[in-house]
Amino acid sequence: MSSDRLLYTKIDVAQVSIDDHGIRIAEQSLWAINHDIPESTSIFCCGSSQPPLIKVLYDHIPFRNILYVDQREKDDEVTLTYVYPITKDSIKLATLDIQVSNYESKPHEKLSQYILDKAYTNHIIRPSVLVLINPHGGQGKANKIYQQEIHPILKAARAKVVFEETRYPTHATDIAKELDVSKYDIIACCSGDGIPHEVINGFYAREDHGVDAFNNIAVTQLPCGSGNALSLSTHGSNNAGLATFQMLKAKRTKLDLMAVTQGVGSSKQVRLSFLTQCYGIIADSDIGTEHLRWMGPIRFQLGIVQKVFSGAKYPCELYVNFLTKDKQEILNHVETHHQLRRRSDSDEEQEELPVVTEENIKISGPELDEPVPENWVKIAQDVTDKLNILYVGKMPYISDSAQFFPAALPNDGSMDMVMTDSNATIMETTSIMLSVEQGTHVHNDKVKHAKVLGYRLIPKVRDTTKHYISVDGEEFPFEPLQVEILPGVLTGLLQDGAYVETCFTR
0 MSSDRLLYTK IDVAQVSIDD HGIRIAEQSL WAINHDIPES TSIFCCGSSQ PPLIKVLYDH
60 IPFRNILYVD QREKDDEVTL TYVYPITKDS IKLATLDIQV SNYESKPHEK LSQYILDKAY
120 TNHIIRPSVL VLINPHGGQG KANKIYQQEI HPILKAARAK VVFEETRYPT HATDIAKELD
180 VSKYDIIACC SGDGIPHEVI NGFYAREDHG VDAFNNIAVT QLPCGSGNAL SLSTHGSNNA
240 GLATFQMLKA KRTKLDLMAV TQGVGSSKQV RLSFLTQCYG IIADSDIGTE HLRWMGPIRF
300 QLGIVQKVFS GAKYPCELYV NFLTKDKQEI LNHVETHHQL RRRSDSDEEQ EELPVVTEEN
360 IKISGPELDE PVPENWVKIA QDVTDKLNIL YVGKMPYISD SAQFFPAALP NDGSMDMVMT
420 DSNATIMETT SIMLSVEQGT HVHNDKVKHA KVLGYRLIPK VRDTTKHYIS VDGEEFPFEP
480 LQVEILPGVL TGLLQDGAYV ETCFTR
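Numbering that gives the first Met the number 0 numbers the first residue of the sequence shown as 0 and each following residue consecutively.
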């Protein structure tokens, strides 16, 4: 179905009332609606190319489900454009003309605006969205995904959209570097995790290191790639249509970033990371199997199996600035932050986001050729000589089947570090990897898990030509790196200001 010819269910004006949570359809109108849909009528479905006819409409439309409201001629009549769920991961668009029985008009207030204000508690109605799309993303299906699943939702919400395709590697970085940030509320990256990485580093490359951009524009992802960790962690979905709806309803929230430094002197380079840094089995299984991308996600799984059964080791020196000393402290840390968020949510007035300054983006760690601070801990050599996984991240979900950092929080000023070594048997390592989907691997005694503020990694692998360091899924030079947390720099879009639930937060 063409997105420009979106068909909606059309019915006569329904009698409704407004309650605290949404629109309640009168029983008589509901019966008429359900029995007046012709068999040929189609309602757009995100996530299905040939949806079955649905003849049962819900008797209550939550305010949250409403995308837009058009005022009709009568003060008490409007046209709703809204969504309702078909499955856990798909939604349908519909319109409904309604007459509200219990609305009392007020001077200078239209019914349509009253409902819109209830529908968008984030106060972002008809946002200005810069859509950046990687046409090669999702095995070349990104444009199709956008046209069929994303664009109809944006159009229904009357979003003001500017669309731009990336034409070459790092094009998104160049766009973000030169962007007039006053024009947009959101940059929606229709891609995998690579385009958000480029946009964030484009902001950082600006003359003010991105201060103005980080304060004004929310960066998010609408899943169109092979890796959609940002969407999974913030919108809770790999379905592009549902993620678009979630984006429109999300709350602007500050997210921590990580500064990755490599090189010294004139060769020093600092780049920002929003997702992960990786050394060992997972990096080699990801970057090292790029030539097998046509196979889909199984290429990564096969790479891990091969490395685990070959007993691969990745010796290194590792220095860490720990925030937590043991796993119980991590549980306490997560619970404390959730209590603070719940108290914040109970405040009726929406808090202003903290303002980012250049001080927030300043790199404070030592140069890579200087000693680490005294409070940093050198990890024991019997661990680092046999290390096989070093994975550090800021978001809980790495894929829809990998809850790798279940204790990760948006803005707690720390990173989650996960380590394993070959002291674990093949069966123990296999058990660890199989439990990643549920996020319970971090409870395994063979897994070292900590909240950290910074770290320095010095690879000691002999053959550096066959191994990789991965940052946000992108290949970085195989050389020493140092990472430190940059609290609350990025503006993101989160459901109720929190990441999607994990085994730590349920």
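Each residue gets a CB set at the ideal place from its N, CA and C atoms; glycine is no exception.
- request: Go through the region 192 to 220 residue by residue and report every complete run of the beta strand (DSSP E) that reaches 3 residues or more, in order.
  value: none
### Query
Hey, residue 428 and residue 419: beta-carbon distance below 8 Å or not?
yes
### Message
On the DSSP letters alone, give me the boundaries of the beta strand (DSSP E) that residue 59 sits inside.
### Response
59 to 61
- Message: Quick check on this structure: which residue in 450, 209, 66 and 267 has the alpha carbon closest to the alpha carbon of residue 81?
- Response: Comparing Cα positions, the closest option is 66.
The ligand MG heavy atoms versus the CB of residue 239: any closer than 7 Å? Of ligands this structure carries none, so the ligand MG is not represented either.
For the region 382 to 400 against the region 258 to 266, are there 3 or more C-beta pairs whose distance is under 8 Å?
-> Counting Cβ pairs under 8 Å, fewer than three are found: no touch.
**Report entry** Whole-angstrom C-beta distance between residue 231 and residue 237, which should lie under 8 Å
**Finding:** Yes, residue 237 and residue 231 are in contact; Cβ-Cβ is about 6 Å, under 8 Å.
First through last residue of the beta strand (DSSP E) which encompasses residue 427:
No beta strand (DSSP E) holds residue 427; the alpha helix (DSSP H) holding it covers 425 to 433.
Uninterrupted beta strand (DSSP E) stretches inside the region 253 to 335 (no shorter than 3 residues):
268 to 272, 275 to 279 and 315 to 321
Whole runs of the beta strand (DSSP E) within the region 441 to 501, excluding any shorter than 3 residues = 447 to 458, 468 to 470, 473 to 475 and 480 to 493
What does the alpha-carbon distance come out to for the pair residue 100 and residue 195? Distance between the alpha carbons of residue 100 and residue 195: 46 Å.
Quick one, which of 180, 125, 143 and 328 has its alpha-carbon nearest residue 154's?
-> 125
query: Nearest CA to the CA of residue 405: which residue from 106, 286 and 500?
result: 500
**Asked** Counting pairs of Cβ atoms below 8 Å between the region 234 to 251 and the region 210 to 224, do you hit three or more?
**Response** Judged by Cβ distances under 8 Å, the region 234 to 251 makes contact with the region 210 to 224, as three or more pairs qualify.
CA nearest to the CA of residue 315, picked from 97, 92 and 478: 478
Do you know whose CA, among 89, 60 and 469, lies nearest residue 240's CA? 89
Which residues in the same chain as residue 506 place their Cβ atom closer than 6 Å to its Cβ, once the five residues preceding and following it in sequence are excluded? In this structure the chain extends from 0 to 505, so residue 506 is not present and cannot be described.
One or two residues paired with residue 93 in a DSSP bridge: 81
So, using beta-carbon positions, are residue 485 and residue 255 closer together than 8 Å? yes
Own chain partners of residue 121 with C-beta closer than 6 Å, once the 5 adjacent residues on each side are dropped
250
Taking only runs of the alpha helix (DSSP H) that begin and end inside the region 360 to 420, which ones reach a length of at least 4 residues, in chain order?
380 to 383
What is the residue span of the alpha helix (DSSP H) that residue 242 lies within? 239 to 248
When you compare the CB positions of residue 28 and residue 77, do they come within less than 8 Å of one another, or not? no
Margin query: Starting from residue 131, trace the alpha helix (DSSP H) in both directions and tell me its first and last residue.
Written below: No alpha helix (DSSP H) holds residue 131; the beta strand (DSSP E) holding it covers 127 to 132.
Please classify residue 148 as buried or exposed, where buried requires at least 16 other C-beta atoms within 10 Å of its C-beta.
With 16 or more Cβ atoms within 10 Å of its Cβ, residue 148 is classed as buried.
With 16 other Cβ atoms within 10 Å as the buried cut-off, status of residue 308
Residue 308 should be labelled exposed.
Exercise for review: Evaluate residue 400 with the Cβ neighbour count: other Cβ atoms within 10 Å of its Cβ, from every protein chain shown; 16 or more gives buried, anything less gives exposed.
Suggested key: exposed
**Report entry** Boundaries (first-last residue) of the beta strand (DSSP E) holding residue 185
**Finding:** 185 to 190
Point to revise | CA-to-CA distance, residue 389 to residue 306, given in whole angstroms | key: 14 Å
**Message:** For residue 471, tell me which candidate among 198, 174, 487 and 85 has the shortest Cα-Cα distance.
**Reply:** 198
Original post:
Is the region 453 to 461 in contact with the region 317 to 332, if contact means three or more CB pairs nearer than 8 Å?
Top reply: yes
Could you compute how far the alpha carbon of residue 150 sits from the alpha carbon of residue 416?
38 Å
* By how many angstroms is the C-alpha of residue 140 removed from the C-alpha of residue 392? -> Going by the C-alpha atoms only, they are around 28 Å apart.
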